[in-house]
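A.B. asks: First the structure, then my questions, so here it is.
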Amino acid sequence: MTIGQLYGSAFSPYVRLCRLVAAKAGAEVGFRLADPFDPEYRAVNPLGKVPALKMAGDGPLLLDTGLICRTLIGEGRDLLPSARAERLQHEADIAVLTGVLDLGVALLMEKRREADISAKWQQRRIDGIERAYPLIEAAAPRAASSAPDGYLALMMVSALQWLDFRLSEELDWRAACPGAAKLVDSLAEDPDVSATDPSRA
Ligand SMILES: N[C@@H](CCC(=O)N[C@@H](CS)C(=O)NCC(=O)O)C(=O)O
1 MTIGQLYGSA FSPYVRLCRL VAAKAGAEVG FRLADPFDPE YRAVNPLGKV PALKMAGDGP
61 LLLDTGLICR TLIGEGRDLL PSARAERLQH EADIAVLTGV LDLGVALLME KRREADISAK
121 WQQRRIDGIE RAYPLIEAAA PRAASSAPDG YLALMMVSAL QWLDFRLSEE LDWRAACPGA
181 AKLVDSLAED PDVSATDPSR A
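According to UniProt numbering, the stretch in the sequence shown is residues 1 to 201, in order.
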């Protein structure tokens, strides 16, 4: 029985992560394509963002990627290390990549504005992402140890392939993070990973 309905676009890295976590955890969820800018979608998520997971029956509506992923893992196979310290480290690494995505999405949204793009804010976002590179590179071996099914490895591929897809003009994370690049490339042909690759959508 499905545990709920996931809504999202084929291009969102957050949605992709939720789909990958569901697939690898073996948590059965329905998936419906949703455009966050479609006014009708506000009936599902009043915030107008993707992803959203409506839990089955009278279950709650989950509107945060981390919460959705933790719920999926709780319903299916655990994709985090069981030892407490190691688990916290993986969650800390995932939080860094979430922060990189939040900055990257803000950078992309501003890039798409027709006028008044703030060079100062764009640079601040780029700087924040670039300062995270050493943290990403340090996380790469931890992600590799749980690849292809670990939550951290799935976050790594979702976030970094999205940077390639949307922000390759602004960011060269591959030069600064060769270990992470190797890991991401090694995961690219995993069937679940390639099926959700935004550049193939
Ligand atoms: N904090 C949210 C972020 C989700 C997010 O920013 N999604 C983007 C798509 S990648 C979105 O829906 N953007 C539309 C908007 O901000 O209006 C989460 O963790 O799920």
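Note that CB positions come from ideal geometry on N, CA and C, so glycine has one too.
Where does W121 land, buried or exposed, given buried means 16+ other C-beta within 10 angstroms?
C.D. replies: Within the sequence shown, numbered from 1, the residue matching residue 121 stands at position 121. By the neighbour-count rule (16 or more Cβ atoms within 10 Å), W121 is not buried but exposed.
A.B. asks: Look at the alpha carbon of L17 and the alpha carbon of A115, and state the distance between them as a whole number of angstroms.
C.D. replies: For the purposes of this step, residue 17 is identified with residue 17 of the sequence shown, where counting begins at 1. For the purposes of this step, residue 115 is identified with residue 115 of the sequence shown, where counting begins at 1. The alpha-carbon atoms of L17 and A115 are separated by roughly 32 Å.
A.B. asks: Could you check what DSSP says for V105 in three-state terms: helix, strand or coil?
C.D. replies: Counting from 1 along the sequence shown, the entry for residue 105 is found at position 105. V105: helix per DSSP, three-state reduction.
A.B. asks: Considering only the alpha carbon of each residue, which of A176, K24 and A153 lies closest to L187?
C.D. replies: As a working mapping, residue 187 is identified with position 187 in the sequence shown. Minimum Cα distance to L187 is reached at A153.
A.B. asks: Taking 6 Å as the limit between beta carbons, can you name the residues of its chain near K54, skipping five residues before and five after?
C.D. replies: Residue numbering aside, residue 54 sits at position 54 when the sequence shown is read from its first letter. So the qualifying residues of the chain are G4, Q5 and L61.
A.B. asks: Whose CA, out of Y151, V105 and E40, lies closest to the CA of K24?
C.D. replies: By 1-based counting over the sequence shown, the position of residue 24 is 24. The shortest Cα separation from K24 among Y151, V105 and E40 belongs to Y151.
A.B. asks: Between which two residues does the beta strand (DSSP E) holding residue 263 run?
C.D. replies: The structure shown does not extend to residue 263, since the chain spans only 1 to 201, so no value can be given for it.
A.B. asks: Would the stretch 59-78 count as touching the stretch 121-135 if we require 3 or more Cβ pairs under 8 Å?
C.D. replies: No: fewer than three Cβ pairs fall under 8 Å.
A.B. asks: State buried or exposed for G104, treating a residue as buried only when at least 16 other CB atoms are found within 10 Å of its CB.
C.D. replies: As a working note, residue 104 is residue 104 in the sequence shown. Per the 10 Å Cβ criterion, buried.
A.B. asks: Where does T196 land, buried or exposed, given buried means 16+ other C-beta within 10 angstroms?
C.D. replies: The count along the sequence shown starts at 1 and reaches residue 196 at position 196. Per the 10 Å Cβ criterion, buried.
A.B. asks: Ignoring anything shorter than 3 residues, give me the beta strand (DSSP E) runs that lie fully in the stretch 65-151, in order along the chain.
C.D. replies: Runs of the beta strand (DSSP E) inside the stretch 65-151: none found.
A.B. asks: Going by the C-beta, is G76 closer than 7 Å to any heavy atom of ligand 1?
C.D. replies: Along the sequence shown, read from residue 1 onward, the residue named residue 76 stands at position 76. No.
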